[in-house]
Amino acid sequence: MGGLIIVVMWPMILPIAILYFLDIALNLFAPILLGLNIAGLAGLLLVRWLWKRSGTMDRAYLDGLTGWRGTLLRGLRWVLWICIIWEVLLAAFFAAYLAWEHGLL
Numbered sequence: 068m069g070g071l072i073i074v075v076m077w078p079m080i081l082p083i084a085i086l087y088f089l090d091i092a093l094n095l096f097a098p099i100l101l102g103l104n105i106a107g108l109a110g111l112l113l114v115r116w117l118w119k120r121s122g123t124m125d126r127a128y129l130d131g132l133t134g135w136r137g138t139l140l141r142g143l144r145w146v147l148w149i150c151i152i153w154e155v156l157l158a159a160f161f162a163a164y165l166a167w168e169h170g171l172l
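Residues 68 to 172 (my numbering) are what the sequence shown spells out, left to right.
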């Protein structure tokens, strides 16, 4: 079972290992990744705002739907929230890393 975890996790571990061994690469890529995460967060918040503005994100509307469409929209609403939280955490991590590298923390 441990071997399977290593095989499955290897594509995620390899870039981190390469950045660790290059030592300077993370300092160069962190601002780029921070910018990309903030852009992704802005995109997700725009999608949420447009969806909420259309009225199809309201609880009353979603409770009125039955079948696969209601289930799909409820699931997408939860996935959107999870993605927004994930982007906030990534942006906070890279911002904290940059602040720590420059001695602000």
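C-beta atoms are modelled at their ideal positions from N, C-alpha and C, and glycine is treated no differently.
No experiment lies behind these values; they were computed from the predicted model shown.
Worksheet item: If we ignore side chains and look at the alpha-carbon of each, how far apart do L117 and T123 end up?
Response: 10 Å
Practice prompt. Give the DSSP-derived three-state secondary structure of T138 in the structure shown.
Written response: helix
Worksheet entry | I149 beta carbon less than 8 Å from that of R115 | no
Item to complete: Could you work out which residue in A166, T138, L100 is closest to L157 when comparing CA atoms only?
Response: L100
Discussion item. How far does the alpha helix (DSSP H) with G170 in it extend, from its first residue to its last?
Written reply: Neither: G170 is in no alpha helix (DSSP H) and is coded neither H nor E.
Discussion item. For W106 and L95, I'd like the C-alpha separation in whole angstroms.
Written reply: Here the sequence assigns Ala to residue 106, which means Trp is not the residue at that position. Rounded to whole angstroms, A106 to L95 spans 18 Å at the Cα level.
Discussion item. Can you tell me where the alpha helix (DSSP H) holding L129 begins and where it ends?
Written reply: 126–131
Worksheet item: Should L108 and V155 be called a contact, given that it needs their Cβ atoms to be closer than 8 Å?
Response: yes
Practice prompt. Rounded to whole angstroms, what's the CA-CA distance from R141 to K119? Just pull it up for me.
Written response: 13 Å
Practice prompt. Evaluate F161 with the Cβ neighbour count: other Cβ atoms within 10 Å of its Cβ, from every protein chain shown; 16 or more gives buried, anything less gives exposed.
Written response: buried
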